[in-house]
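The opening residue of the sequence shown carries number 636 in the working numbering; numbering runs sequentially from there.
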Amino acid sequence: MRGSPLNQRPAGDPAALPWTAPLPTPQPAQAGPTAPGQVHDAHVHAGPVHVAPVVPGPVPFGGQQAAATPTALPPALPSLDRRGSATRPAVDPQVARELKRQVAAELHQQLARLSATSGTEADRATRRQRGRALIEEAVARWSDAYAQTHGIPPTREQDRALSEAVFDLLFRAGRLQPYLDDPEIENILINGCDDVWISRVHQPLRQVPPVADTDAELIELLQDLARQHGGGERSLSTASPTLALRLEGGMRLQAMTEVTPRPYVAIRRHRVASATLTDLIQLGTVDHTLAAFLAAAIRARKNVMITGTQGVGKTSLLRAMAAEIPPDERIGTLESEFELWLHTLGHLRQVVPMEAREGNGERVEGRMAGELTIGELIPAALRMTLSRIIVGEVRSGEVVPMLRVMTNGEGGSMCTLHARGPHMVVDRIAELCLEYGAHMTDSLAYRLTANAIDLIVHVTMVDETAVGGRRHRFVSHVLEVAGLGEHGRPALNTVFGPRPEQGEPRAVPHTPPNCLDDLRRAGFDASLLQSGYGTWAAPLALRIGGVR
């Protein structure tokens, strides 16, 4: 797929290929030789394959500019596909969609015959293998037909690019896939098919080309992803206007339609897929002192709640702390969509992963039929002989059974919670407890919190990309919950916190915790807490604020 200019033409022939210039208006197919833009095959439903004009302006990936009719797409937008270095040819989406429909029909017939012969359904690998072969055949036929019609054979690189595009449409995420394959992209935001934004590491949001030609095509893509998910009855429709999915590579997708004027999609990537606390030291999230403290807290079986706003790195920190659990312990993970992947990383030998199940869109007695929430999974998890339970994210009334697990279990359980500031966490927990049932009160919620949680670890992000800086993600506070205090609220001790007077927003030692002896028995060196600045070499370098 590399090394071929986008506008490559055979010597002496001025005609352009379909990737670079418009074709004449297609004529109806005639009997006999293949008509322009038409694919003939005995097993594939033939039909006209039209080629749309190229977008004006700079051609992606090193090609020359071709004359074409104007479109609404701004010429400065970057190319969709980054997988082929800087030379991957652009692909006409309409051609790819037509071939995808043809291949899908033939593949369905082949798999039906295979199932009837063997008596079993084809697995995923078999479907993809057979689909890949059919795609190569379909692209070869289309390429031959185009060459016969126009006298110009597409290059091998262009055929490969078209094959990949069809494969992505059939088995992956279509025109979204190149963004999912780019490890530098953190967020993909879609506000309708033609309003797409991405953010890369330490870069602000920027707009990119459409991922579908119409909103209906975008919804069809989302429905295909839901069918590929394999995690229960997840769908996007009038009856189920929201969709939450995990994608290949651990990315998380949330989509909405029907209740919004257009389909809206947000996709978020966990760039740190298998981080340890040592890795987070290198990333600047924690220093050596705080890493040693958190590792000891896990070994000492302290119950930890990790808090922060969206996208600050709560899940990455939770995954890194889980790497400190002894490998032979039996733990359970409960998530709405798998994001921790502790059962695949290999460190822990006994992990029971549980994923909540969405309903099928029908309501029975006020709730979705078939729905199974995290809160409903917790009682079953307690009967799985687990030494610890980890909840990926507490969002609602499941906080109450989670707090009860922390209170009654052996300790060492963890979860994450959305909260804007560390001192808001207690009230945030109380709010969620009140969603559990009418019998819950503030005082009971405070008592549950005081009895269950040992440490609150708050993660903060300072985003200076708008002023030419970078995104800084770091732990800013570690609070110890020290029983009930005044007015029946949990008392909080700041074990680690920032020192703004010294220009340091990151967590550095403040007050030794009441559980220090437990941590020392787990191997923590208490002398590390004597430095008021931790082991940071210098205060965090910020463009605005910082050292005074």
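Glycine residues also receive a C-beta, built at the ideal position from the N, C-alpha and C atoms.
Keep in mind it's a predicted model, so treat the numbers as computed, not measured.
Alpha carbon of residue i to alpha carbon of residue j, nearest angstrom
i       : j       : result
ALA955  : THR911  : 4 Å
MET940  : VAL1040 : 13 Å
PRO1148 : THR849  : 57 Å
GLY948  : CYS1068 : 24 Å
ASP830  : LEU977  : 35 Å
GLN1137 : PRO1174 : 8 Å
ALA958  : CYS828  : 40 Å
THR873  : GLU855  : 13 Å
GLU1115 : ILE1091 : 6 Å
ALA656  : SER971  : Low local confidence applies: a pLDDT of 32 at ALA656 is under 50, so the model's placement there is unreliable, with the coordinate-based value given in what follows. Their backbone Cα atoms lie some 46 Å apart in a straight line.
GLU792  : ALA725  : 10 Å
GLN858  : HIS1058 : 41 Å
ALA650  : VAL836  : Per-residue confidence for ALA650 stands at a pLDDT of 35, beneath the threshold of 50, marking its modelled position as unreliable; no derived number is given.
GLU993  : LEU1007 : 6 Å
THR924  : THR1170 : 6 Å
GLN1165 : PRO1135 : 18 Å
ILE933  : VAL1029 : 19 Å
PHE1131 : ILE820  : 32 Å
GLY786  : ARG897  : 43 Å
ARG776  : ALA1101 : 49 Å
ALA751  : ARG1106 : 55 Å
MET636  : GLY981  : Note on MET636: pLDDT 36, under 50, position unreliable in the model; no value is reported.
ALA800  : THR784  : 23 Å
GLU1139 : ALA757  : 57 Å
PRO962  : SER1022 : 12 Å
GLU964  : GLY1047 : 11 Å
LEU871  : ARG887  : 15 Å
PRO813  : PRO844  : 12 Å
VAL846  : ARG810  : 5 Å
DSSP beta-bridge partners of residue i
i       : result
ASP1098 : ARG1106
SER834  : ASN822
MET940  : CYS1050, ILE1091
MET1019 : MET1019 is not bridged to any residue.
LEU1114 : ILE1091, THR1129
GLU990  : GLU970
LEU878  : ALA890
VAL843  : VAL831
ARG965  : GLN985
VAL1199 : Absent from the model: residue 1199. The displayed extent of the chain is 636 to 1183, so no value can be given.
PRO1134 : Before going on, a small fix: residue 1134 reads as Arg here, not Pro. Paired residue(s): GLU1139.
PRO1144 : PHE1131
ILE1025 : THR968, MET1049
8 Å contact criterion, which residue i and residue j should meet: CB distance rounded
i       : j       : result
ALA879  : GLN863  : Not really, about 14 Å apart at Cβ, beyond 8 Å.
GLN1055 : THR944  : It should be pointed out that residue 1055 corresponds to Arg in this sequence rather than to Gln. Right, their Cβ atoms sit about 6 Å apart.
GLY1167 : PRO1144 : 6 Å
PRO1125 : THR1084 : 5 Å
THR942  : HIS1093 : 5 Å
ASP1089 : CYS1150 : 7 Å
Proximity to residue i [Cα-Cα], best of the options
i       : options                           : result
ALA739  : ARG1124, LEU804, ARG904           : LEU804
GLU1045 : SER1031, ILE1024, THR895, ASP1062 : ILE1024
ASP1152 : SER951, GLU852, ARG936            : ARG936
ALA1142 : THR1129, VAL1034, VAL1060         : THR1129
THR1146 : THR877, GLU1139, LEU1163          : LEU1163
ARG807  : THR784, ASN822, ARG762            : ARG762
VAL987  : THR1042, MET1096, ILE1013, LEU815 : ILE1013
VAL1185 : MET886, PRO876, ALA931            : Residue 1185 lies beyond the stretch modelled for the chain, which goes from 636 to 1183, so this question has no answer here.
SER951  : GLU852, ALA931, GLN783, LEU918    : LEU918
ARG1018 : ILE966, HIS1053, MET1049, THR1042 : ILE966
ALA1065 : GLY1047, ILE960, SER1048, LEU1038 : LEU1038
PHE802  : ALA780, ASP779, LEU840, LEU742    : LEU742
ILE902  : SER909, THR913, GLU883, THR920    : GLU883
ASP1160 : THR968, ALA931, HIS1074           : ALA931
VAL900  : PHE973, ASN822, GLY946, ALA926    : ASN822
ALA731  : GLN744, LEU749, ARG759, GLU771    : GLU771
Buried/exposed call for residue i, threshold 16 Cβ in 10 Å
i       : result
ILE1179 : exposed
ASN938  : buried
GLN700  : For GLN700, the predicted model reports a pLDDT of 34, less than 50, meaning its position is unreliable and no value from the coordinates is stated.
HIS1112 : buried
ALA861  : buried
ALA711  : Note that ALA711 scores a pLDDT of 31, beneath 50, so its modelled location is shaky; the value from the coordinates is reported in the next line. When all chains shown are included, ALA711 counts as exposed.
VAL694  : Because the pLDDT of VAL694 is 29, which lies under 50, any placement of that residue in the model is unreliable, and the question is left without a value.
LEU915  : buried
HIS905  : buried
GLY667  : Caution applies to GLY667, whose pLDDT of 39 falls short of 50 and renders its modelled position unreliable; the value that the coordinates give is listed next. With fewer than 16 other Cβ atoms within 10 Å, it is exposed.
SER798  : buried
LEU853  : buried
GLU1011 : exposed
ALA1172 : exposed
heavy atom of the ligand PLP below 6 Å from residue i C-beta
i      : result
ARG841 : Looking at this structure, you won't find the ligand PLP or any other ligand, since it has none at all.
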